[in-house]
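Before any comments, here is the structure.
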Amino acid sequence: METMTPRSSSSYEHAVETGYGEGARQAEDWQDSLAQERCDETRQECLNRLRTLVISSKSGMYTERDFALYRDEALSDRSLALAGKETSEQRYEALWENLSEHIPQTAAHIKAMESTFDDMITRATDCHWISAEIAAYWRKRFASKAYFWWEKEKFLSERFPRYMRNWESLYGDQQKLNTLITEVSDAKNLPAVKRLTVGAFSKTKKFEEWRSAVHEALAAVEAHRRNRTVLLEEARKKLEAAAHNEVLSKYKVGTWLKRIVSSTVDSGKLLAFVCGDGGNSLSGLIQRWAEVRHRFDNIEKKRSIEGTPRGFHFVTTDQFLEWHFARRQAYVEEAERRFTNIDKENPQLLAIRRELDCQDWDEAAHLIAQVQVTDLSEEDLAKFRSMKRYLKESRPTSSSPTQELDPDAANGELNTAINAIPIISLRNLYWKAIRAGKARCLIALMYNRCWCYRNFYLNPLREEQLRLNAKEETAQRIEYGHGKEFENNDVNSYQKPAIRSYTETRANSAQVLHVSEEGHSALVARMQEEDCERFRYWSTLIPTNVEYGTHAYIVDSLHPRIKRCLRTLEQAGIPPTEQYQATVKHSRKKSPARASEANYAISA
Numbered sequence: 264m265e266t267m268t269p270r271s272s273s274s275y276e277h278a279v280e281t282g283y284g285e286g287a288r289q290a291e292d293w294q295d296s297l298a299q300e301r302c303d304e305t306r307q308e309c310l311n312r313l314r315t316l317v318i319s320s321k322s323g324m325y326t327e328r329d330f331a332l333y334r335d336e337a338l339s340d341r342s343l344a345l346a347g348k349e350t351s352e353q354r355y356e357a358l359w360e361n362l363s364e365h366i367p368q369t370a371a372h373i374k375a376m377e378s379t380f381d382d383m384i385t386r387a388t389d390c391h392w393i394s395a396e397i398a399a400y401w402r403k404r405f406a407s408k409a410y411f412w413w414e415k416e417k418f419l420s421e422r423f424p425r426y427m428r429n430w431e432s433l434y435g436d437q438q439k440l441n442t443l444i445t446e447v448s449d450a451k452n453l454p455a456v457k458r459l460t461v462g463a464f465s466k467t468k469k470f471e472e473w474r475s476a477v478h479e480a481l482a483a484v485e486a487h488r489r490n491r492t493v494l495l496e497e498a499r500k501k502l503e504a505a506a507h508n509e510v511l512s513k514y515k516v517g518t519w520l521k522r523i524v525s526s527t528v529d530s531g532k533l534l535a536f537v538c539g540d541g542g543n544s545l546s547g548l549i550q551r552w553a554e555v556r557h558r559f560d561n562i563e564k565k566r567s568i569e570g571t572p573r574g575f576h577f578v579t580t581d582q583f584l585e586w587h588f589a590r591r592q593a594y595v596e597e598a599e600r601r602f603t604n605i606d607k608e609n610p611q612l613l614a615i616r617r618e619l620d621c622q623d624w625d626e627a628a629h630l631i632a633q634v635q636v637t638d639l640s641e642e643d644l645a646k647f648r649s650m651k652r653y654l655k656e657s658r659p660t661s662s663s664p665t666q667e668l669d670p671d672a673a674n675g676e677l678n679t680a681i682n683a684i685p686i687i688s689l690r691n692l693y694w695k696a697i698r699a700g701k702a703r704c705l706i707a708l709m710y711n712r713c714w715c716y717r718n719f720y721l722n723p724l725r726e727e728q729l730r731l732n733a734k735e736e737t738a739q740r741i742e743y744g745h746g747k748e749f750e751n752n753d754v755n756s757y758q759k760p761a762i763r764s765y766t767e768t769r770a771n772s773a774q775v776l777h778v779s780e781e782g783h784s785a786l787v788a789r790m791q792e793e794d795c796e797r798f799r800y801w802s803t804l805i806p807t808n809v810e811y812g813t814h815a816y817i818v819d820s821l822h823p824r825i826k827r828c829l830r831t832l833e834q835a836g837i838p839p840t841e842q843y844q845a846t847v848k849h850s851r852k853k854s855p856a857r858a859s860e861a862n863y864a865i866s867a
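Offset between the sequence shown (1-based) and my numbering: plus 263.
In C-alpha cells:
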C-alpha cells in the first residue's frame, strides 16, 4: 500500500506557535481557517482518487453510484459530524484516514474482485462452458449501476460459483452427447438431437431450458443405443403429464428421462418401475409429487385469504418445482406451521425460525443445538424437528459451518463488520443497540424491511408515499392513541411515543418506523422497554435516506457476521467494545501528524 504523510503548513505551525495577528482569538480563527482549507483539499484528493477508481474499474464494478454514496456518507461534513468529528482538525484527521487507508483498501478490494470475476468468466469461456455472448451478458451485468459494488461481491462469492458448476456440468453432458452421436448409428437424426441444432434455440440464455434439451437428447440417444425406446416413451408420457399438471418442473422432464434410461438397473425391473402403479413405481413417485404440490397450493390459498405470515421466505411455483423432493417436503411442512398466533409459540422456537427466515444457517444451527429436547412438549417437538429438516434441506451444500472465533478476534471482526456499514449514522445506531443489549432486536427490525420488499409489500414508490404521510398520520396517533391496525409512524418528529407498544395494545398488525439519526435514541429506548416477540415480528424499520440495496447488503452480508461475533462474545461473557471510541472522544488532543495511527472507521 502506498505510504502517505499528512500535509503540514508552515503558516499553520507559525500561527499555532505565535498567536498570529492581534491575539489568541485571531490565531484561533486562523487555525480554524487553515484546518478547514486542509479539510477541503484532502476531501478533494479523496474524491479524485475515487473518481480514478470509477474510471479505472475495467469491469465496471465500481460505478458513479458507489462514488456518490462514498462522497455523501463518508466524506461530507454531515457524515463526519455524525461520527463525532465536530472540529475542522478532527474532520481533517478522518479525511486523511480515508485518503491514506480506506480508499486504497477499497481500490485493492475492487481490483481483487475484478481479477476473480475475470478469471472465472475467462475460464468458463476458454473451457467452452459458456459462449462469448453469454460471457458478454455477465460482464454487462457486473458493470451495471443498478447494484453497489458490495452487492456484486456478494453475488460473486455466494452465487456465481454455483453458476460455474452448473455450466461445467452441462458442458460435460454436452460432450458426452457429442461422443454418443458419433458412436451411435443414426443418433443425429433423432428428433430430440435435431432440436439442439436449431439456431434460435441454441442461442437461448435460459440455462434450465438448455439443460432440459441436452438431457432429453441424451435420453433419446441412450434409449436408441440400449433398445429402450418403448421405456423412454412410456416414461415421457407420464413425466410430461406430471409437468402439464405442474407437479414437476417442465425443465426437469429431460433430466428424469436421462436418469431413467441411463440407469444400470435391469431393463425388466426398469420397465416395471415405469409402467407399474405401486408406491415404488414412477406413478407412485408422481403421486407423492402431486401430494406435496397440493400442500403448496393450500398454503398459497391460505395466504390469499389470511395474509402472508411475516418473516418466512415464501417462493414461487417455479422455484418450488425446481427443488428436489426432500426440499419441497421440508418447505411445505415448515410453511404450514407459520399460520399461527406467535403469542402461543415457544420463544426458543421463534428465535430459530427468525434465523431460518434470515437464512443465517450458522445462527440457526447454533440455536437448535442449545434446545433441550426433553423440555419440549410433543407439539413443540414436532415443530423443532420440522425446523431441523428445513435447515438441512435449505442450507446450500457449499455453505459449510463457519469456524468460531476467539473472543479477541470476535471483537475485532465485530468492529470490522460494523465499520463496513456504508452509512455512518447506521453504524452509530448499531453501537447504541449493542451497548443497550438490543442488537438482535435491531437486526430483526432491519430484516423486516427486506422481507416486505421480497414479498411485494414495499417498493421505492410505496415507501415514498408512506414517508410523505407519516408525519401527519403520527400526529393523529399522538393525539388519539395507538390502535390495532396498520400504522405508519414518524419517529424523528415525535420520538418514542410514535412507536407503538405491542405489550400494551396486543395488536396483530404491522407498524412501519421511519427513523434517522434524530430518532435513533428514541428507537433504542423503546426497544429496551418493548422488546417482545410481537414487536420484533410486526415492526419494520425504514432508515431515512437509506436505499433498499444498501439496506439489503447490511441485512444479508453483515448481519450474519455481526451475530457470529456477538455469539462468541456472549458465550465468553465478554461485552462488545467499540475499539475506537476512546480515540473519537479524545481526538482533539491528537496531532494531525499522527492521524494514521488511529482508525476512525470511515470506510466504503
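By construction, the Cβ of each residue, glycine as well, lies at the ideal position given by its N, Cα and C atoms.
Pair within 7 Å by beta-carbon distance, residue i and residue j
i: T768; j: H745; result: yes
i: A398; j: T388; result: yes
i: A455; j: E479; result: yes
i: H777; j: I805; result: yes
i: I605; j: Y800; result: yes
i: K415; j: F405; result: yes
i: C713; j: A815; result: yes
i: L459; j: A482; result: no
i: V595; j: R551; result: no
i: A506; j: L495; result: no
Exposed unless 16 or more other CB atoms sit within 10 angstroms - verdict on residue i
i: C309; result: buried
i: Q774; result: buried
i: F583; result: buried
i: L731; result: exposed
i: C302; result: buried
i: K348; result: buried
i: I393; result: buried
i: D529; result: exposed
i: A504; result: exposed
i: V493; result: exposed
i: S432; result: exposed
i: L692; result: buried
i: R717; result: exposed
i: L721; result: buried
i: R918; result: The structure shown does not extend to residue 918, since the chain is modelled only from 264 through 867, so no value can be given for it.
Cβ shell of residue i (< 7 Å), same chain only, five flanking positions each side left out
i: F602; result: K565, E569 and P572
i: Y325; result: L316, V317, I373 and W412
i: D329; result: F411 and W412
i: A498; result: L520, I523, V537 and L545
i: G542; result: none
i: L619; result: A627, M650, Y653 and L654
Residues near residue i in its chain [Cβ-Cβ closer than 6 Å; skip 5 each side]
i: T813; result: P685
i: E793; result: S764
i: E841; result: W694
i: K451; result: I444
i: V818; result: M709, Y710 and C713
i: T518; result: H478
i: I549; result: A505
i: S820; result: K417
Anticipated Cβ contact below 8 Å, residue i with residue j, distance rounded
i: S322; j: D381; result: 7 Å
i: I615; j: L630; result: 5 Å
i: A788; j: K759; result: 6 Å
i: V555; j: Q592; result: 6 Å
i: L900; j: M650; result: Since the first residue of the chain shown is 264 and the last is 867, residue 900 is not available in this structure.
i: L832; j: P659; result: The pair is not a contact, with the Cβ atoms about 27 Å apart (cut-off 8 Å).
i: Q299; j: S351; result: 5 Å
i: S420; j: I687; result: Wrong, their Cβ atoms sit about 25 Å apart, outside the cutoff.
i: L654; j: A696; result: Contact doesn't hold; Cβ gap of about 27 Å is too wide.
i: A707; j: V754; result: Their Cβ separation, rounded to whole angstroms, is 16 Å, which puts A707 and V754 out of contact at 8 Å.
Option nearest residue i by Cα separation, candidates the options
i: E676; options: A632, W714 and R824; result: R824
i: T580; options: G574, K521 and E509; result: E509
i: E377; options: R312, E356, E360 and R402; result: R402
i: Y757; options: L729, E781, S772 and L297; result: E781
i: A589; options: K607, E656, D436 and E641; result: E656
i: A770; options: N755, R797 and A337; result: R797
i: I837; options: G700, P367 and K646; result: G700
i: T803; options: R698, N609, W430 and E726; result: E726
i: Q437; options: A409, V484, K607 and A371; result: V484
i: E626; options: K747, N752, R830 and N808; result: R830
Beta-carbon proximity list for residue i, same chain, < 8 Å, skipping 5 on both sides
i: C828; result: L668, A673, N674, E676, L677, A680 and P839
i: C390; result: E431 and Y434
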